[in-house]
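> The sequence shown begins at 2 in the working numbering and counts up by one.
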Amino acid sequence: MGAIGVLIAGLSARTSLRVGAAAGLGAATADGVFAAIAVAGGAAVAGVIAPIASPLRWVAAAVLLVIAAMTARAAFHQPGPAAVDQRPATPCRAYAGVLGLTLLNPATVVYFAALVLGRAGAGGGVLFVAGVFLASASWQLAIAAGGSLVGRRLTGARGRALTALISSAVIAVLAARLLLPS
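1. Measuring only the C-alpha atoms, how far is valine 40 from glycine 33?
2. Verify whether the separation of the beta carbon atoms of valine 151 and alanine 22 is less than 8 angstroms.
3. Can you give me the C-alpha to C-alpha distance between arginine 159 and alanine 76, rounded to a whole angstrom?
4. Please classify glycine 125: does DSSP put it in a helix, a strand, or coil?
5. Applying the criterion that 16 or more other CB atoms from any shown protein chain within 10 Å of the CB defines a buried residue, is proline 82 buried or exposed?
6. Let me know the secondary structure DSSP gives alanine 90 once reduced to three states.
7. Taking the C-alpha atoms as reference points, what is the distance between phenylalanine 129 and alanine 36?
8. By how many angstroms is the C-alpha of leucine 179 removed from the C-alpha of tryptophan 59?
Structure, rendered in structure tokens:
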């Protein structure tokens, strides 16, 4: 499981299954988009993406580190009567945020292009894209459900803080791994 999966599980644990599922579907949508690009462009797309893959990895790592810091900060925030979350997690916001963050990883297009170029026969592009989306959606929804189950077990302030700290630490480590040479 990568940083996006940990983000989805942690979000689902701290908020709700609806929010986590929307985030998971954002990741699955990005995978479907990447699969469609790979089917449409194949090797040409991989060649265009290769030069910008490194800068986009840096951007993705930076965004993940900001998310990790915000999550850790929230673990220490004591909600009180005066505390108002100005931007509560909503399914739409979770979907859009995870979709955008997942789209920052263009290496997925290169991977899908290699799969598309390696397949025999033509005409399977639509099935490939549908299969990628459905496989990704089922995995992401399973991650969201698992996060939601953990969240129900850790409903107290201490449990939520622990979940947030663990999630932020794992996201930070996975963000740092993005910057290591492959």
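We put the beta carbon where it would ideally sit given N, CA and C, even for glycine.
Let me spell this out:
1. Along the sequence shown, read from residue 1 onward, the residue named residue 40 stands at position 39. Along the sequence shown, read from residue 1 onward, the residue named residue 33 stands at position 32. Glycine 33 has its alpha-carbon roughly 10 angstroms from the corresponding atom of valine 40.
2. To locate residue 151, count along the sequence shown from 1; it is residue 150. To locate residue 22, count along the sequence shown from 1; it is residue 21. Not closer than 8 angstroms, so no.
3. To locate residue 159, count along the sequence shown from 1; it is residue 158. To locate residue 76, count along the sequence shown from 1; it is residue 75. So the two alpha carbons sit approximately 9 angstroms from each other.
4. Against the sequence shown, residue 125 aligns to sequence position 124. DSSP places glycine 125 in coil when its eight states are reduced to three.
5. Position 81 of the sequence shown, counting from 1, holds the residue named residue 82. For proline 82, the pLDDT reaches just 42, beneath the cut-off of 50, and the residue's location in the model is therefore unreliable, although a value from the coordinates is still provided. Proline 82 should be labelled exposed.
6. The residue given as residue 90 occupies position 89 in the sequence shown. Correct three-state label for alanine 90: coil.
7. As a working mapping, residue 129 is identified with position 128 in the sequence shown. As a working mapping, residue 36 is identified with position 35 in the sequence shown. Cα to Cα, the separation comes out at about 7 angstroms.
8. Sequence index remark: in the sequence shown, residue 59 carries index 58 (1-based). Sequence index remark: in the sequence shown, residue 179 carries index 178 (1-based). Tryptophan 59 and leucine 179: Cα-Cα distance of roughly 8 angstroms.
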